[in-house]
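**Q** Next up is a structure, given as structure tokens.
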Amino acid sequence: MNQSFVLGFVAGVVVMISLSFLFRIFLPWRRALLCHSHVSILNIIAIRLRGHSPELLIDTLVRLRMKDRDVEIQQIERCYIKNRQTYLDASTLAALVEQEIEREQARKREQERERELLADPTVLDQPSE
0 MNQSFVLGFV AGVVVMISLS FLFRIFLPWR RALLCHSHVS ILNIIAIRLR GHSPELLIDT
60 LVRLRMKDRD VEIQQIERCY IKNRQTYLDA STLAALVEQE IEREQARKRE QERERELLAD
120 PTVLDQPSE
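Written out as structure tokens, the structure is:
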């Protein structure tokens, strides 16, 4: 075989592998960008290295942003990790993230109420909202 043919073949294989890797990173990033949901390329690489599906997480982020929910991709990934044993699609994961957000907000309201009680004991006499 001709040496230039072998070098060309090896170079072609390397280019194909590189393009495949780049498409696996840039396609989810482009989808998030076009849907006004900012996700950095480094986040997508990190998600992929952790073995999670960036497509699922970005689809969930887009769904939540369409509902005017201000969430980050890390919060969605945490919820995905907690519920990994169940079958998840983007709408199911979005519902789970919304539930988690509501629980966090309720927990913050409860902590704020406790701080008010500690600061001013007369608050006990007032009806709660």
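Quick note on numbering: the sequence shown equals residues 0 to 128 in numbering that gives the first Met the number 0.
Even glycine gets a Cβ: it sits at the ideal position worked out from N, Cα and C.
All values derive from a computational prediction rather than experimental measurement.
1. Taking a contact to mean a Cβ-Cβ separation below 8 Å, would you say R47 touches R30 in this structure?
2. Relative to the alpha-carbon of H51, which residue among K66, D67, D88, E111 has its alpha-carbon at the smallest distance?
3. So what's Y86 in DSSP terms, helix, strand or just coil?
4. Using 8 Å as the cut-off, can you tell me whether the stretch 2-19 makes contact with the stretch 32-44, which would need three or more C-beta pairs spanning the two stretches below that distance?
5. Once the 5 residues before and after Q74 are set aside, which same chain residues still bring their CB inside 7 Å of it?
6. How about L56 and Y79: are their beta carbons less than 8 Å apart?
7. Given that a residue counts as buried once 16 or more other Cβ atoms are within 10 Å of its Cβ, and exposed if not, what is I43?
**A** By the coordinates alone:
1. In this structure, R47 keeps its C-beta atom at 8 Å or more from the C-beta atom of R30.
2. Among K66, D67, D88, E111, the Cα nearest to that of H51 belongs to D88.
3. DSSP places Y86 in coil when its eight states are reduced to three.
4. Flag = no, the stretch 2-19 and the stretch 32-44 do not touch.
5. Close CB contacts of Q74 within its chain, under the 7 Å cut and outside five residues either way in sequence, are with V96 (chain order).
6. Contact: yes.
7. Looking at its Cβ environment, which holds 16 or more other Cβ atoms inside 10 Å, I43 is buried.
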